[in-house]
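Novice: Sharing a structure, written as structure tokens. Questions coming.
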Amino acid sequence: MKTINKSSKIVFIILMTVLILFITNIYYPLRSYIIMYPVKTYYRNTGLFNDIPLKIPSGKISNKESFYPFVLYFNSNEGFKYYVDRDVDLSIMYNFGGFKLGKKNSSYFDPKSDYYSSFYGAYAIKTDNSTPFGFDKDKNINIDLLSKVPEYDQKYLVMSSIGLSPNNVTFDYNIKTIKEDIKYINSMDWLMVDSQIKTNAPVHKYKKHYNGYLQYGIPKELNNLSKDYPIMKLHGRMYIKYFKEYDSTIVFYILGKNKDIVDRIDENIVSKSYFKK
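In short: position in the sequence shown from 1, add 16, done, that's this note's numbering.
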């Protein structure tokens, strides 16, 4: 009898725990953290950043919300090789707006958030013949080629993971400024490129499960949404430099709703990155 009572209590506790998780929506961020932590560890250990000791912090740009609590990693070698028709390896570090308490969605899906549709992180691109990716033989920047990296990221990795086919993704950019010989993260000779980007917003009506929901949560319900994945304008920033010691081009990137948000992400988070010695 005691064994039955004990088992009943355990079952009751488990059921109540599950119920609380769903009622409070803690389930969604918890699921994201549990899944994404081992995933990011795997990709960090199997890509270019295993040999490039770059550290990018998480953080916040307002007192109300934070970015995801840890930076994530992904490698996309074969897909990116095909996209640019070059023998290159691509590894990605990235972060996006985190979950607010009681919400099913991360702030990446929330149009009212400063973190809406925002990303920051770094790309590492390595060629098979040790030539600097994104530069010509005279060491001049090749913007058209470098732009293929965020374009591929947005089309084939981000938007496709939340239900929009790459063929239906818009990605147009307009360069605003290019600054050379910039000092960044205690290192000289960076190129800084600011641009305006026209692409698809992540908001859409939930229809079925997509793998991207595992990390971002499910899309926010919006009563005034007339079209899924509407076109929006973002401000983009890249810092670009080839590192001979890593035989790779490193590109820091920031995307935000406007320049002010990008400036704040840059100043408060990305500029505090460093190479671990």
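Ideal Cβ placement from N, Cα and C applies to all residues, glycine included. Model, not experiment: these values are computed from the prediction.
Roughly how far, in whole angstroms, is the beta-carbon of A138 from the beta-carbon of F259, given that I think they are within contact range, below 8 Å?
Specialist: Going by Cβ atoms, the distance from A138 to F259 rounds to 12 Å, so no, they are not a contact pair.
Novice: Would the segment 119 to 132 and the segment 74 to 91 be scored as touching if the rule is three or more Cβ pairs under 8 Å?
Specialist: Because the criterion of three Cβ pairs below 8 Å is met, the segment 119 to 132 and the segment 74 to 91 touch.
Novice: Residues in its own chain within less than 6 Å of F135 by CB, not counting five upstream and five downstream?
Specialist: Taken in chain order, the residues that qualify are Y110, F112, L271.
Novice: Throw me the rounded Cβ distance for the P246 and F125 pair, which I believe falls under 8 Å.
Specialist: Contact doesn't hold; Cβ gap of about 13 Å is too wide.
Novice: To which residues of the same chain is D210 closer than 6 Å at the C-beta, ignoring the five residues directly before and after it?
Specialist: Excluding residues within five positions, the ones whose Cβ falls inside 6 Å are K192, T193, R253.
Novice: So, is D105 buried or exposed, given that buried needs 16 or more other C-beta atoms within 10 angstroms?
Specialist: Buried, because 16 or more other Cβ atoms sit within 10 Å of the Cβ of D105.
Novice: Do L207 and I256 have their CB atoms nearer than 7 Å?
Specialist: Yes, the pair counts as a contact, with Cβ atoms nearer than the cut-off.
Novice: In whole angstroms, give me the CA-to-CA distance for F151 and Y58.
Specialist: Whole-angstrom Cα-Cα distance: 30 Å.
Novice: Thinking C-alpha only, which one of L180, E94, P45 is nearest G63?
Specialist: Of L180, E94, P45, the residue nearest in Cα terms is E94.
Novice: My understanding is that V165 touches I141, with C-beta atoms under 8 Å, so please give their C-beta distance in whole angstroms.
Specialist: About 7 Å separates the two Cβ atoms, so the contact holds.
Novice: Express the C-alpha separation of K76 and N202 in angstroms, rounding to a whole number.
Specialist: Their Cα atoms are separated by approximately 22 Å.
Novice: Would you kindly report the start and end of the unbroken beta strand (DSSP E) that includes N216?
Specialist: Looking at the DSSP string, the run of the beta strand (DSSP E) that includes N216 is 203 to 216.
Novice: Tell me where the alpha helix (DSSP H) around S48 begins and ends.
Specialist: Its alpha helix (DSSP H) spans residues 43 to 62.
Novice: Using three-state DSSP, classify S123 as helix, strand or coil.
Specialist: It is helical.
Novice: Hey, L250 and I285 are a contact pair by Cβ (cut 8 Å); roughly how many whole angstroms apart?
Specialist: Incorrect: roughly 17 Å between the Cβ atoms, too far for contact.
Novice: Using the C-alpha atoms, what's the distance from S78 back to S123?
Specialist: When rounded, the distance between both Cα atoms is 13 Å.
Novice: In whole angstroms, what is the alpha-carbon distance linking K243 and Y98?
Specialist: Going from the Cα of K243 to the Cα of Y98 covers about 31 Å.
Novice: Measure the C-alpha to C-alpha separation of D154 and E196 and round it to an integer number of angstroms.
Specialist: Cα to Cα, D154 sits roughly 15 Å from E196.
Novice: Taking C-alpha atoms, which residue in Q170, G179, D279 lies nearest to Y226?
Specialist: The candidate whose alpha carbon is nearest that of Y226 is G179.
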